[in-house]
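Structure, as structure tokens:
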Ligand code: ADP
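In the working numbering, the protein residues as written are 7 to 244.
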């Protein structure tokens with residue numbers, strides 16, 4: 007498998023607070039990585055660094071540009087449910103903003119842009135919501151709209167930060183199933199979650215973070231690892 011991102015000796019502090027210590031790992035093409043760990047363990051900081059939102063980290067992050075093109079990381083942020091029914095944007099408009107980073111100069115959408123929006127809405131089964139205002143949608147529908155916005159530019163990596171914390175368990179399962187389908191169609195996924203139990207049947211790898219990497223490997227090895235037994239007080243290995 008080709009590595010898409012190689013991270014070596016990454017360190018980051020907020021002032022005196024050491025948040026990431028000596029982080030090294032690779033993201034391979036087709037991976038579905040669950041990034042887990044306690045509150046404050048550096049998960050969000052790590053993905054902000056990968057997205058280029060935090061720039062003053064130390065260490066190396068190498069993107070493999072042979073397989074990763076410009077705009078090829080899609081991001082679904084953490085969110086609560088938006089209840090403002092008067093918020094003026096429609097689903098179609100919000101999803102189209104996922105194409106903005108491809109544009110230079112005046113930012114007008116073309117016919118082709120809107121047909122890409124339609125294709126993405128179709129794929130995520132929300133084409134019927136196209137002209138609805140985002141504030142009128144349920145939490146699960148809003149989450150799919152944010153996923154559509156991240157997917158419309160056809161990214162090869164999708165990074166999601168606890169995307170389902172505001173959703174009912176049933177809707178959450180549906181959301182994870184969609185991610186699994188995207189992963190089967192070759193989208194590499196990095197999914198931050200504080201709840202291993204809810205993602206374990208979907209992910210192929212676990213990165214367990216507690217400022218440093220406690221574990222990185224397959225979910226199966228994770229379940230049997232001694233490092234994790236120390237954390238959870240159980241050891242299911244032989
Ligand atoms: P997680 O996503 O695992 O909950 P975070 O990456 O959000 O962890 O936070 C890691 C640590 O960095 C925590 O101690 C948090 O308080 C601190 N932190 C996060 N964001 C900031 C910030 N903007 N300024 C200062 N400290 C921060």
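Glycine is no exception: its CB is placed at the ideal position from the N, C-alpha and C atoms.
query, result
"Can you confirm whether the segment 93-106 touches the segment 152-169 when touching is taken to mean that 3 or more C-beta pairs between the two stretches lie within less than 8 angstroms?", "yes"
"Going by DSSP, what residue range makes up the alpha helix (DSSP H) through residue 146?", "145-157"
"Are there three or more Cβ pairs, one per stretch, closer than 8 angstroms when the segment 18-36 is compared with the segment 137-151?", "no"
"Report buried or exposed for residue 14, applying the criterion of at least 16 other Cβ atoms within 10 angstroms of its Cβ.", "exposed"
"Should the segment 113-121 be called in touch with the segment 134-147, which here means at least 3 C-beta pairs below 8 angstroms?", "no"
"Quick check: the segment 209-220 against the segment 42-53, are there 3 or more CB pairs under 8 angstroms?", "yes"
"Buried or exposed, going by whether 16 or more other CB atoms sit within 10 Å of the CB of residue 127?", "buried"
"Which residue from 190, 106 and 64 puts its Cα closest to that of residue 78?", "106"
"Going by the C-beta, is residue 49 closer than 8 angstroms to any heavy atom of ligand 1?", "yes"
"Does the beta-carbon distance from residue 165 to residue 97 come in below 9 angstroms?", "no"
"Might you give, ordered along the chain, the residues of its own chain that have their beta carbon closer than 8 angstroms to the beta carbon of residue 161, omitting 5 neighbours on each side?", "77, 78, 79, 80 and 193"
"Kindly indicate which residue of 72, 70, 123 and 27 has the alpha-carbon position closest to the one of residue 52.", "27"
"Report all residues from its chain with a CB closer than 8 angstroms to the CB of residue 226; omit the five preceding and five following residues, and keep chain order.", "none"
"So what does DSSP say about residue 228, is it helix, strand or coil?", "helix"
"Does the distance from the CB of residue 222 to the CB of residue 182 come in under 9 angstroms?", "no"
"Please return the same chain residues whose Cβ sits closer than 6 angstroms to the Cβ of residue 213, not counting the five positions on each side in sequence.", "39, 41 and 222"
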